[in-house]
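Student: Please see the structure below; I have some questions.
There are 2 protein chains.
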Amino acid sequence: MKSLDATDRAILALLQEDADIPMAKLAEAVNLSPTPCWRRVQRLKEDGVITRQVALLDPAKLNLGVTVFVSVRTNQHSQAWFDRFHAAVTQIPEVVEFYRMSGEMDYLLRVVVPSIAAYDAVYKRLIAGSDLFDVSSSFAMEEIKLTTALPLDYAL
Amino acid sequence: MKSLDATDRAILALLQEDADIPMAKLAEAVNLSPTPCWRRVQRLKEDGVITRQVALLDPAKLNLGVTVFVSVRTNQHSQAWFDRFHAAVTQIPEVVEFYRMSGEMDYLLRVVVPSIAAYDAVYKRLIAGSDLFDVSSSFAMEEIKLTTALPLDYAL
DNA sequence: CGTGAAATTCCACTAGC
DNA sequence: GCTAGTGGAATTTCACG
Numbered sequence: 001m002k003s004l005d006a007t008d009r010a011i012l013a014l015l016q017e018d019a020d021i022p023m024a025k026l027a028e029a030v031n032l033s034p035t036p037c038w039r040r041v042q043r044l045k046e047d048g049v050i051t052r053q054v055a056l057l058d059p060a061k062l063n064l065g066v067t068v069f070v071s072v073r074t075n076q077h078s079q080a081w082f083d084r085f086h087a088a089v090t091q092i093p094e095v096v097e098f099y100r101m102s103g104e105m106d107y108l109l110r111v112v113v114p115s116i117a118a119y120d121a122v123y124k125r126l127i128a129g130s131d132l133f134d135v136s137s138s139f140a141m142e143e144i145k146l147t148t149a150l151p152l153d154y155a156l
Numbered sequence: 001m002k003s004l005d006a007t008d009r010a011i012l013a014l015l016q017e018d019a020d021i022p023m024a025k026l027a028e029a030v031n032l033s034p035t036p037c038w039r040r041v042q043r044l045k046e047d048g049v050i051t052r053q054v055a056l057l058d059p060a061k062l063n064l065g066v067t068v069f070v071s072v073r074t075n076q077h078s079q080a081w082f083d084r085f086h087a088a089v090t091q092i093p094e095v096v097e098f099y100r101m102s103g104e105m106d107y108l109l110r111v112v113v114p115s116i117a118a119y120d121a122v123y124k125r126l127i128a129g130s131d132l133f134d135v136s137s138s139f140a141m142e143e144i145k146l147t148t149a150l151p152l153d154y155a156l
């Protein structure tokens, strides 16, 4: 895989913000003619730098005003247990992020729901299958920043 | 704003996964002919349900292997302080999520960086401007699930 | 090998039913 | 909501640096 030059990064920066932009505009913005710009985008897709293109939806319009971070501790550390837990949690559409952590907590989840009541249903579903040592929920009062745009300055 | 019927939700579900899909395929998938399907998509955009369309990049390919959750506590609670903190943190491109929380921690951040060393630089930048009471960093060992797809079952 | 211009094909979008 | 037609863009081909 070729390394990314300044032009590639400029392209990525723009596409991260708006993938709808016509190729002509994109090319102009990075001081290129449409074809070479298109070629670069193709290469970035083939190389897997650009994984896919998605529509972002407004949580408020979908009645999803509540964001909860759930930190989970367990004393079960067998592979079989993890596989079951993994499968169970991944299924839940309200869980939009799910990490295995180092340190105090074992897992961290971000859950989006319409209300506290709806969160309680998800919570019950979480603890239903796997036996968890400790589950602690923190509610977000305000979403100050939330972006899918990754920093590009570290690319090799 | 009209409420979302099953067809709208089917459209949203598909576009959340892949916004590149040609209108003809999308229409076929939801048992519609292209034009009415296109009309629905237009309306969803106008209503602000679909906010925008973005390219998702592979963090690994951008040398962003490390995810850190940073919980911040402060004893400064004035509006002026918050405004400064807000502005400072929002600027930092490595901070991809930033919430004001209820309960123990005051703020929660998700930071993506290439390495522990790079995180330390971000950390220093964080504590530089605003005086923070407590900053605790938790490292993600494994990203099990991370999706931009929101649950659609609660839409009114 | 990467870049710029022209030809073609395909798809978003409009109008009529 | 479906069918057909148009405009315009994305994609391929070819020539050049």
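Respectively, the protein sequence lines represent chains A and B.
Heads up, the final residue of the first sequence is numbered 156 in UniProt numbering, and it's a clean run with no missing numbers.
Heads up, the final residue of the second sequence is numbered 156 in UniProt numbering, and it's a clean run with no missing numbers.
By construction, the Cβ of each residue, glycine as well, lies at the ideal position given by its N, Cα and C atoms.
If we ignore side chains and look at the alpha-carbon of each, how far apart do residue 30 of chain B and residue 133 of chain B end up?
Tutor: Here residue 30 of chain B is taken as the residue at index 30 of the second sequence, counted from 1. Here residue 133 of chain B is taken as the residue at index 133 of the second sequence, counted from 1. Spanning the two alpha carbons is a distance of roughly 53 Å.
Student: Going along the chain, which unbroken runs of the beta strand (DSSP E) with 3 or more residues stay wholly within the stretch 16-80 of chain A?
Tutor: Segments of the beta strand (DSSP E) lying fully in the stretch 16-80 of chain A: 50-57, 66-73.
Student: Would residue 123 of chain A count as contacting chain B if we go by Cβ distances under 9 Å?
Tutor: Taking the first sequence and counting its residues from 1, one reaches residue 123 of chain A at position 123. It does not: the Cβ of residue 123 of chain A has no partner Cβ on chain B nearer than 9 Å.
Student: Based on the DSSP output, what are the partners of residue 110 of chain A in its beta bridges?
Tutor: For the purposes of this step, residue 110 of chain A is taken as residue 110 along the first sequence, with counting starting at 1. For residue 110 of chain A, which the question treats as bridged, DSSP gives the partners A:69, A:97.
Student: Beta carbons nearer than 8 Å to chain A: which residues of the stretch 11-24 of chain B have them?
Tutor: Under the 8 Å Cβ criterion, the stretch 11-24 of chain B contributes 12, 15, 16, 17, 18, 19, 20.
Student: Between the stretch 53-65 of chain A and the stretch 146-156 of chain B, do at least 3 Cβ pairs fall closer than 8 Å?
Tutor: Cβ pair count under 8 Å is three or more, so yes.
Student: With DSSP run on the structure shown, which of helix, strand or coil describes residue 134 of chain B?
Tutor: Here residue 134 of chain B refers to the residue found at position 134 when the second sequence is read from its first residue. Strand, per DSSP.
Student: Compare the beta carbon distance of residue 131 of chain B and residue 74 of chain B with 9 Å and say whether it is the shorter of the two.
Tutor: Residue 131 of chain B sits at position 131 when you count from the first residue of the second sequence. Residue 74 of chain B sits at position 74 when you count from the first residue of the second sequence. Taking 9 Å as the Cβ cut-off, residue 131 of chain B and residue 74 of chain B qualify as a contacting pair.
Student: From residue 83 of chain A to residue 72 of chain A, what does the alpha carbon distance come to, in whole angstroms?
Tutor: Here the question's residue 83 of chain A lines up with position 83 in the first sequence. Here the question's residue 72 of chain A lines up with position 72 in the first sequence. Near 15 Å, if we compare the C-alpha coordinates of residue 72 of chain A and residue 83 of chain A.
Student: Chain B partners of residue 54 of chain A, CB-CB under 8 Å?
Tutor: Along the first sequence, read from residue 1 onward, the residue named residue 54 of chain A stands at position 54. Near residue 54 of chain A (Cβ distances below 8 Å), the residues of chain B are 15, 16, 17, 18, 19, 53, 54, 56, 148, 149.
Student: Give a yes or no on whether the C-beta atoms belonging to residue 138 of chain B and residue 104 of chain A are separated by under 9 Å.
Tutor: Start at 1 with the first residue of the second sequence, and residue 138 of chain B comes out as number 138. Start at 1 with the first residue of the first sequence, and residue 104 of chain A comes out as number 104. Yes.
Student: Hey, would you say residue 135 of chain B sits closer than 9 Å to residue 70 of chain B, going by beta carbons?
Tutor: Mapped onto the second sequence, residue 135 of chain B falls at position 135. Mapped onto the second sequence, residue 70 of chain B falls at position 70. Contact flag set, yes.
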